[in-house]
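A.B. asks: Protein chains in written order, with this note's numbering: chain A, 454 to 569; chain R, 454 to 569; chain B, 194 to 339; chain G, 194 to 339. Using N, Cα and C, we set each Cβ at its ideal position, and we do this for glycine too. Since this is a predicted model, take the numbers as computed values, not measurements.
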Ligand SMILES: Nc1ncnc2c1ncn2[C@@H]1O[C@H](COP(=O)(O)OP(=O)(O)O)[C@@H](O)[C@H]1O
Ligand SMILES: Nc1ncnc2c1ncn2[C@@H]1O[C@H](COP(=O)(O)OP(=O)(O)O)[C@@H](O)[C@H]1O
């Protein structure tokens, strides 16, 4: 899995590309989050548009990072989830945990609103 | 493979959907062509946009139908070939046999020009 | 055309490496589409199968490079059965099947069986020199979740 | 990351039915992408492999429902080797490999070997209880045709 980091109006957007499973990728992803928190960046959008699929270990990684961000007083939201991924989030009730937005603007705006 | 037949300015456009291999599909495809020729329809555009791949037996079917149409004084051209299919046509030199157009307009126009 | 009563079987064998899961997913998806399953059913089957293979690689074979996972796909009478077999010691699947999933929404594990169940029409385990996880998907089965 | 000298092998077994070719193509494409082959190389490999499997089903097994085709994919040192084995009687492949392709552009057959050669870095045949057609594709090989 490849991860690209961008910043949009003070919000960090992580573009994921590939498949979200356990293994070595998981560690990279975790360390990236720890780094962001250390820098005080805790409004995070995870872009799943180019993630073809995810397994339950991959969900675990997302949840781990979600918990890290929340403990630091921030939030993690997802965008670009395919129908396939949406239905996994629904079945596991993770749609109740992290918000899923259709597009980047809405996701970034959700943080701006929180700040006001 | 699914085949849908349309008519655009006196030219028959066949939209293929699926994989072009031998087997039962080949017969359907052949009979369709025989029917078209019998009706005097011999300007034919084969749309490969939704054909994910083709094997050499599939090429054989295209060539067979090409020959049928040519013997009847008509022509067969292809549109929408993916990079993958284009390179097969190139390697087998079939790009010298049937013309390949980028879009439907150009393909249909090629027939209109011939008529003038 | 699919003839009734004809058994169609395809088998895949992969190393205990998550990198092969995409190939398994791609193969089962193409096959199920070819067998005229709906796109939703195709996605569901891929999701459940990836889960079963992940468990086989992780819990069954413990990522051992010497152990392999075998996936058999059988289609008959409108039903696709996918059996995933590993070379591990198995587990108390009777117990696991009857347990409620962990109610803690931030728990990082324990959603595999839930997912396999939700996205198929049948899930069963057995042991035969390795754990066998069998998933059943009906072509004209219940609509997929959501 | 792919370690040098590590052999990675995936095996697929399919019935003598063209409907399974899409699954084989999808699987090898996903695997080759995972092994960091370029998209062009991935397409080329799929094209050549479909050709080898078509011949195995058609000429080797003659579409017999009792016979199967086995595809082994092995990756080592930047090279992917795909071996396609059928249960047929084989053919005079020495002769076929040395023959020029039919120069008649409207001939409806005889382009399989040409295609397999053009889209791989190596093609060889052998006989071992069935015909084995082996295709070699280098990750950093020659650019694909066109
Ligand atoms: N193939 C297997 N071999 C051995 N144990 C398994 C296997 N599949 C599942 N298990 C056991 O069942 C438990 C629950 O599995 P699951 O619901 O998929 O959650 P998770 O994989 O996240 O732990 C696993 O933690 C493991 O102990
Ligand atoms: N697996 C095989 N078993 C037996 N004969 C084969 C096999 N593959 C190829 N052949 C023989 O080689 C010939 C040339 O093959 P090919 O170039 O693929 O063209 P085509 O399949 O269109 O005839 C075939 O006609 C067949 O006689």
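With 8 Å as the threshold, decide whether the Cβ of residue 430 (chain A) is near any Cβ in chain B.
C.D. replies: Any answer about residue 430 (chain A) is impossible in this case: the structure gives chain A only from 454 up to 569.
A.B. asks: Spatial neighbours of residue 620 (chain R) within its chain, please: CB distance less than 6 Å, with the 5 preceding and 5 following residues excluded, ordered by chain position.
C.D. replies: In the structure displayed, chain R extends from 454 to 569; residue 620 (chain R) sits before or after that span and is not available.
A.B. asks: Considering only the beta carbon of each residue, do residue 273 (chain B) and residue 212 (chain B) sit closer than 8 Å?
C.D. replies: no
A.B. asks: For residue 519 (chain R), report the span of its alpha helix (DSSP H) as first-last.
C.D. replies: It spans 509–524 - the alpha helix (DSSP H) in which residue 519 (chain R) sits, taken as one unbroken run.
A.B. asks: Go ahead and label residue 467 (chain R) buried or exposed: buried means 16 or more other beta carbons lie within 10 angstroms of its beta carbon, across all protein chains shown.
C.D. replies: buried
A.B. asks: Quick check: residue 223 (chain B) and residue 215 (chain G), are their CB atoms within less than 8 Å of each other?
C.D. replies: yes
A.B. asks: When Cβ atoms are compared, which residues of the segment 545–568 of chain R fall closer than 8 Å to chain G?
C.D. replies: If the cut-off is 8 Å between Cβ atoms, the segment 545–568 of chain R has 545, 546, 547, 549 and 550 near chain G.
A.B. asks: What residues in the segment 521–541 of chain R have a beta carbon less than 8 Å from any beta carbon of chain G?
C.D. replies: 536, 537, 539, 540 and 541
A.B. asks: Would you call residue 261 (chain G) buried or exposed, if buried means 16 or more other Cβ atoms sit within 10 Å of its Cβ?
C.D. replies: buried
A.B. asks: CB-CB under 6 Å to residue 495 (chain R), same chain, minus the five flanking residues each way: which ones, in chain order?
C.D. replies: 522, 525 and 527
A.B. asks: Does the CB of residue 317 (chain G) have a neighbour CB from chain B at under 8 Å?
C.D. replies: For residue 317 (chain G), no Cβ of chain B is located within less than 8 Å of the residue's own Cβ.
A.B. asks: Would residue 456 (chain R) count as contacting chain G if we go by Cβ distances under 8 Å?
C.D. replies: no
A.B. asks: Say whether chain D places a C-beta atom closer than 8 Å to the C-beta of residue 203 (chain B).
C.D. replies: Absent here is chain D; the protein component of the structure consists of chains A, R, B and G.
A.B. asks: Using the Cα positions of residue 278 (chain B) and residue 476 (chain R), report the straight-line distance between them to the nearest angstrom.
C.D. replies: 33 Å
A.B. asks: Can you name the residues of chain R whose CB is closer than 8 Å to the CB of residue 251 (chain G)?
C.D. replies: Those are 475 and 510, listed as they occur along chain R.
A.B. asks: Going by alpha carbons, who is nearest to residue 201 (chain G) out of G:208, G:209, G:218 and G:227?
C.D. replies: G:227
A.B. asks: Using the Cα positions of residue 559 (chain A) and residue 469 (chain A), report the straight-line distance between them to the nearest angstrom.
C.D. replies: 18 Å
A.B. asks: Interface residues of chain R around residue 305 (chain G) at Cβ under 9 Å?
C.D. replies: Within chain R, the residues near residue 305 (chain G) are 508, 509 and 510.
A.B. asks: Which chain B residues are close to residue 208 (chain G), counting only those with a beta carbon under 8 Å from its beta carbon?
C.D. replies: 201, 202 and 203
A.B. asks: Since residue 529 (chain A) is in the beta strand (DSSP E), which residue starts that stretch and which ends it?
C.D. replies: Counting along the chain, the beta strand (DSSP E) containing residue 529 (chain A) begins and ends at 528–532.
A.B. asks: Am I right that residue 225 (chain G) and residue 328 (chain G) are in contact with their C-beta atoms under 8 Å? What's the rounded C-beta distance?
C.D. replies: The pair is not a contact, with the Cβ atoms about 12 Å apart (cut-off 8 Å).
A.B. asks: Within a Cβ cutoff of 8 Å, which residues of the same chain sit near residue 519 (chain A), ignoring the five residues on either side of it in sequence?
C.D. replies: 529, 550 and 551
A.B. asks: Between which two residues does the alpha helix (DSSP H) holding residue 543 (chain A) run?
C.D. replies: Its alpha helix (DSSP H) spans residues 536–544.
A.B. asks: Cutting at 7 Å between CB atoms, please list the residues of its own chain near residue 246 (chain G), excluding the five before and the five after it.
C.D. replies: 214, 217, 262, 264 and 277
A.B. asks: List the DSSP bridge partners of residue 264 (chain B).
C.D. replies: B:205 and B:277
A.B. asks: Given 7 Å as the limit, tell me if residue 488 (chain R) has its C-beta closer than that to any heavy atom belonging to ligand 3.
C.D. replies: Because ligand 3 does not appear in the structure shown, any question about it cannot be addressed here, the ligands present being ligand 1 and ligand 2.
A.B. asks: Starting from residue 338 (chain G), find everything on chain R with Cβ-Cβ shorter than 7 Å and list it in chain order.
C.D. replies: 540, 543 and 544
A.B. asks: From residue 195 (chain G) to residue 335 (chain G), what distance separates their C-alpha atoms?
C.D. replies: Low local confidence applies: a pLDDT of 45 at residue 195 (chain G) is under 50, so the model's placement there is unreliable, and no value is given.
A.B. asks: What does the alpha-carbon distance come out to for the pair residue 197 (chain B) and residue 270 (chain B)?
C.D. replies: At residue 197 (chain B) the pLDDT is 42, less than 50, meaning the model places this residue with poor confidence and gives no usable figure here.
A.B. asks: Assuming residue 456 (chain R) and residue 501 (chain R) are in contact, meaning their beta carbons sit under 8 Å apart, how far apart are those beta carbons, in whole angstroms?
C.D. replies: Actually they do not touch by this definition, with Cβ atoms about 12 Å apart.
A.B. asks: For residue 459 (chain A), which of helix, strand or coil comes out of DSSP?
C.D. replies: strand
A.B. asks: At the 8 Å Cβ level, is residue 516 (chain A) part of the contact set with chain B, yes or no?
C.D. replies: yes
A.B. asks: In the structure shown, what three-state DSSP assignment does residue 305 (chain B) receive?
C.D. replies: helix
A.B. asks: When the Cα atoms are used, what is the spatial distance from residue 488 (chain A) to residue 232 (chain G)?
C.D. replies: 33 Å
A.B. asks: Checking the sheet assignment: what are the DSSP bridge partners for residue 464 (chain A)?
C.D. replies: A:461
A.B. asks: My output table needs one value for residue 247 (chain B): the three-state DSSP class, helix, strand or coil.
C.D. replies: helix
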